[in-house]
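Protein chains in written order, with our numbering: chain G, 1 to 199; chain Z, 1 to 690.
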């Protein structure tokens, strides 16, 4: 292979990276629009409690705050992990991604506990339109977190097996974008769903 | 145990009325025929390696056309059944039950919009856009094949009720709530509806993302946005709209799904649900959807008018701004579909005015086409005739649309056949004629030979006449008070003569479609005469004509450098400099698109029949596919420069020998000659297999 074609190969690869990144941003926008629908639906239905409990009766602000803090910290750790990955520090990257993974699990635990409590008390998505909207909005975010965890777990296995090669660092960059995106969506959920309930 | 294994499927789900039995038998025969043919000609491997797993956008485009052509016939049969019922049901029950009639019109709407028009547009965009922008493939070849196969999964899902379940949604093509809720539609029809749209809709979103990136990031050097060909501009506008509204459809369908399956109360009439919210959400997607289909078609017309007037397009910038304007305003008009909802006069008039405003950029587009034709040397080839048909029909649709946009008028005409006639004027005129024009125009690029002009002209004129005979009566019926989705009526309403004329129009349109099929077959029979050996049969102006027909797998041996809006026109005038070949990187074929789509189909199927293990297993299947794909770093192969040079030489030699053997003496065959020669030709074809 001549030097010339090496240059072209490099350009070819960088252009491909660039496209993947841009494509992922557009994908995130579509995902955000899906959440926008769920937020709009929640806003329309939040007072339609049909005689059932309202948000003020149900929500525990402490629990929501705990979840928020866990997720915010995980956003920080995923950032640190990305710096390590970009610098090729395999062990550090693995550690920080591992912590992110555990924080994600903890967040899911908090959410699952909250859902369990509500359902246990007999307030399910069948109870009222308000609760339907609540469960679906928060649950959709939870499903995204689960997706993120599966993705993160897979890439961790990949790094252990094959090391921090170029394609995986590219995929990790997308993963960290996804994680930050979920964080932002959660901040809106925290505000619109939990805080607004007490206004 | 039985419930665990096969969910709600029982003996009643098997085909038992005449239409499901007939449907099942015809699907079975088609299946047997295809399997027998492939086995007899030993083509399984060829099919799998060369087509099904291909990531080449050109092949995917052609597969879109083939599936869409089948679905066009399927949706067309629905129309004739509906009109026949309406003719017969004057003061009697006709030949269809009310339930069956309503299933037919729901299926007709879904099939024509999703599985015909969308597919044809995606097919054209797949084939032509990379060629127009000087790209070799798409930003993500994998997402493209995935999008196509998800569409196919949707096609299978929408026809699945013939085999199992025996009923489709009887709710209208958007399945408005609360009618589509579990309370009023307890059967599996709406579930099939949800999952066929959900699966193909997700495919559309992925495809649209892919095309946006391709158009914005992969243009040939020198091609700035304002030098892009107009079909590419139309496609870009359309794909941006798709990305903006298809997620709304996905979310809305999920909410409807939750209402039906786990008993949430989003769109129910009880416990605080809000059915009008469904109508709002679905139209926020549904209205722009029509423009998603329309914009590429506008782009096609721009290309055709410019080529066949032998002038560059007049007012290029106005045309681009016009298309952007149409797509922007189209996102803000959804409420005009339900002025009668009871919103305040202010809200209604705001949406009415927004709707009327759309006429302005649309008119700007028409003016650029007329200005292009002005003083042009127009040659009235078939694509140009489709364009003129479009202008006449679309004007009718546009004017009736402006009428409907006035809320007080709409209160009179809401849900009447006037609306149906308006919609079909815009969609047949604007979308379908655009697609036909594009297929005629680019056919040489797809197949290597031009289409028969004589029979093409017959087809255009038959279509135009058929359209007016079929739909003018519907305008009149609408003004007389006939509602849409009408399956029977009193004899003294006087509707019957008009419905009869409409049915005759429908039959004329059937003849037109048959003529289109004849056009393609006749062209194939006279292929040696119609051969396109230059790659540039129409004296084209854009880059797709600079490559041989059909285009080689790598599209461009050398990526061209662009310096104007009509790069190929300049190349022809100025000549091309010395060519230097470099290595070409091409994506490898992959079967993951098919595997994931099969799992997606099974998820939908599992939900329709409530088979939990199937859903769980299929979700796991998709996850495993994605993981395996993550571990697969090697998705490209390289064609070395020397090989490229060799391939180009071989291609050119082949073209030269074809040109020598070409026979331009005869004329395009007419209908009589076709009827005389076709049987012998067909017999030879059958004998020659193998």
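Yeah, the Cβ is synthetic: ideal placement off N, Cα and C, and Gly gets one too.
For residue 262 of chain Z, which of helix, strand or coil comes out of DSSP? The residue given as residue 262 of chain Z occupies position 262 in the second chain. In this structure, residue 262 of chain Z counts as coil in the three-state DSSP scheme.
With 7 Å set as the bound, which would you pick, yes or no: does the beta-carbon of residue 50 of chain G sit closer than that to a beta-carbon of chain Z? The residue you call residue 50 of chain G lines up with position 50 of the first chain. With 7 Å as the cut-off, residue 50 of chain G counts as an interface residue toward chain Z.
Please state whether the Cβ-Cβ distance between residue 38 of chain Z and residue 597 of chain Z is less than 7 Å. By one-based count along the second chain, residue 38 of chain Z stands at place 38. By one-based count along the second chain, residue 597 of chain Z stands at place 597. Against a cut-off of 7 Å, the Cβ pair of residue 597 of chain Z and residue 38 of chain Z comes out as no contact.
With 7 Å set as the bound, which would you pick, yes or no: does the beta-carbon of residue 129 of chain Z sit closer than that to a beta-carbon of chain G? Mapped onto the second chain, residue 129 of chain Z falls at position 129. No, because no Cβ of chain G sits closer than 7 Å to the Cβ of residue 129 of chain Z.
For the alpha helix (DSSP H) containing residue 278 of chain Z, name the first residue and the last one. Looking up residue 278 of chain Z in the second chain gives position 278. It spans 275-309 - the alpha helix (DSSP H) in which residue 278 of chain Z sits, taken as one unbroken run.
Candidates Z:382, Z:684, Z:213, Z:485: which alpha carbon is nearest residue 20 of chain G's? Numbered from its first residue, the first chain carries residue 20 of chain G at position 20. Closest by alpha carbon: Z:213.
Give me the subset of the stretch 228-258 of chain Z whose CB atoms are less than 9 Å from a CB atom of chain G, sorted by chain position. 243, 244, 245, 246, 247, 248, 250, 251, 252, 254, 255, 258
Express the C-alpha separation of residue 559 of chain Z and residue 509 of chain Z in angstroms, rounding to a whole number. Within the second chain, residue 509 of chain Z is the residue found at index 509, counting from 1. Within the second chain, residue 559 of chain Z is the residue found at index 559, counting from 1. In a straight line, the C-alpha of residue 509 of chain Z is about 43 Å away from that of residue 559 of chain Z.
When the distance is taken between beta carbons, is residue 269 of chain Z closer than 7 Å to residue 172 of chain Z? Translated into positions along the second chain, residue 172 of chain Z becomes position 172. Translated into positions along the second chain, residue 269 of chain Z becomes position 269. No, the Cβ-Cβ distance between residue 172 of chain Z and residue 269 of chain Z is not below 7 Å.
Length at least 4, wholly inside the stretch 115-163 of chain Z: the alpha helix (DSSP H) runs in chain order: 118-133, 141-159
Taking 7 Å as the CB-CB cut-off, is residue 590 of chain Z touching chain A? Structure shown: chain A not included; protein chains present are G and Z.
Return yes when the Cβ of residue 348 of chain Z is within less than 7 Å of the Cβ of residue 408 of chain Z, no when it is not. Counted from its first residue, the second chain places residue 408 of chain Z at position 408. Counted from its first residue, the second chain places residue 348 of chain Z at position 348. Taking 7 Å as the Cβ cut-off, residue 408 of chain Z and residue 348 of chain Z do not qualify as a contacting pair.
Tell me, please, which residues DSSP counts as bridged to residue 531 of chain Z. As a first step, residue 531 of chain Z must be located in the second chain, where it is residue number 531. Note: residue 531 of chain Z sits in a beta bridge opposite Z:449.
As a quick exercise: from G:15, G:162, G:118, pick the residue whose alpha carbon is nearest that of residue 91 of chain G. For the purposes of this step, residue 91 of chain G is taken as residue 91 along the first chain, with counting starting at 1. Cα-wise, what sits closest to residue 91 of chain G is G:162.
Taking only beta-carbon atoms, is residue 357 of chain Z less than 7 Å away from chain G? The residue labelled residue 357 of chain Z in the question sits at position 357 within the second chain. Chain G contact via Cβ: absent.
Measuring only the C-alpha atoms, how far is residue 133 of chain Z from residue 180 of chain G? To locate residue 133 of chain Z, count along the second chain from 1; it is residue 133. To locate residue 180 of chain G, count along the first chain from 1; it is residue 180. Going by the C-alpha atoms only, they are around 34 Å apart.
Limits of the unbroken beta strand (DSSP E) element including residue 585 of chain Z: The sequence position of residue 585 of chain Z within the second chain is 585, counting from 1. First-last of the beta strand (DSSP E) with residue 585 of chain Z: 584-587.
Between which residues of its own chain and residue 669 of chain Z is the CB-CB distance below 8 Å, once the five residues before and five after are set aside? On the second chain, position 669 is the one that residue 669 of chain Z refers to. Excluding positions up to five away in sequence, the list reads 452, 454, 455, 522, 525, 526, 677.
Is residue 636 of chain Z helix, strand or coil when you go by DSSP? Reading the second chain from its first residue, position 636 is the one you call residue 636 of chain Z. DSSP places residue 636 of chain Z in strand when its eight states are reduced to three.
What does a CB cutoff of less than 7 Å around residue 125 of chain Z pick up in its chain, not counting 5 residues either side in sequence? By one-based count along the second chain, residue 125 of chain Z stands at place 125. Here the set comprises 211, 235, 296.
Can you tell me which of Z:563, Z:76, Z:90 puts its alpha carbon nearest to the alpha carbon of residue 489 of chain Z? If you number the second chain from 1, residue 489 of chain Z lands on position 489. Out of Z:563, Z:76, Z:90, Z:90 has the C-alpha closest to the C-alpha of residue 489 of chain Z.
Three-state secondary structure assigned by DSSP to residue 327 of chain Z: For the purposes of this step, residue 327 of chain Z is taken as the residue at position 327 of the second chain. It is helical.
So, for residue 114 of chain G: in the same chain, excluding its five sequence neighbours on each side, which residues have a beta-carbon less than 7 Å away from its beta-carbon? Position 114 of the first chain, counting from 1, holds the residue named residue 114 of chain G. If we look at residue 114 of chain G and ignore the five residues flanking it on each side, its Cβ neighbours are 63.
Give me, in chain order, the residues of the same chain whose beta-carbon lies closer than 7 Å to that of residue 85 of chain G; leave out the 5 immediate sequence neighbours on both sides. Residue mapping note: residue 85 of chain G aligns to position 85 of the first chain, counting from 1. Around residue 85 of chain G: 93, 164, 169, 172.
Use the C-beta contact count for residue 363 of chain Z: other C-beta atoms within 10 angstroms, 16 or more gives buried, fewer gives exposed. Taking the second chain and counting its residues from 1, the one referred to as residue 363 of chain Z is at position 363. Answer is exposed; the Cβ neighbour count stays below 16.
Answer yes or no: do residue 566 of chain Z and residue 312 of chain Z have a C-beta to C-beta separation smaller than 7 Å? Mapped onto the second chain, residue 566 of chain Z falls at position 566. Mapped onto the second chain, residue 312 of chain Z falls at position 312. Yes, these two residues count as a Cβ contact at 7 Å.
Residue 158 of chain G touches chain Z at which residues, Cβ-Cβ below 7 Å? Residue numbering aside, residue 158 of chain G sits at position 158 when the first chain is read from its first letter. Within chain Z, the residues near residue 158 of chain G are 630, 631.
To the nearest angstrom, how far is it from the Cα of residue 538 of chain Z to the Cα of residue 7 of chain Z? Stepping through the second chain from its first residue, residue 538 of chain Z is reached at position 538. Stepping through the second chain from its first residue, residue 7 of chain Z is reached at position 7. The alpha-carbon atoms of residue 538 of chain Z and residue 7 of chain Z are separated by roughly 57 Å.
Chain G contact for residue 317 of chain Z (CB, 7 Å cutoff): Within the second chain, residue 317 of chain Z is the residue found at index 317, counting from 1. Answer no: the Cβ-Cβ gap between residue 317 of chain Z and chain G never drops below 7 Å.
If you measure beta-carbon to beta-carbon, which residues of the stretch 266-300 of chain Z are closer than 7 Å to chain G? 266, 271, 272, 273, 274, 277, 281
Kindly indicate the opening and closing residues of the alpha helix (DSSP H) around residue 607 of chain Z. As a working mapping, residue 607 of chain Z is identified with position 607 in the second chain. That run of the alpha helix (DSSP H) goes 592-609.
Assign residue 416 of chain Z to one of three DSSP states: helix, strand, or coil. The residue given as residue 416 of chain Z occupies position 416 in the second chain. If DSSP states are grouped into helix, strand and coil, residue 416 of chain Z belongs with the strands.
Mind pulling the chain Z residues with CB within less than 9 Å of residue 18 of chain G? Position 18 of the first chain, counting from 1, holds the residue named residue 18 of chain G. In chain order: 217.
Quick one: residues in its chain with C-beta nearer than 7 Å to the C-beta of residue 568 of chain Z, no 5 flanking neighbours on either side, listed in chain order? Start at 1 with the first residue of the second chain, and residue 568 of chain Z comes out as number 568. For residue 568 of chain Z, where only same-chain residues beyond five positions count, the Cβ hits under 7 Å are 540, 541, 542, 543, 545, 546.
Please list, in chain order, the chain Z residues whose beta carbon lies closer than 7 Å to that of residue 154 of chain G. Numbered from its first residue, the first chain carries residue 154 of chain G at position 154. Near residue 154 of chain G (Cβ distances below 7 Å), the residues of chain Z are 627, 630.
Could I get the ranges of all uninterrupted alpha helix (DSSP H) runs contained in the stretch 179-247 of chain Z, with 4 residues as the minimum, in chain order? 189-217
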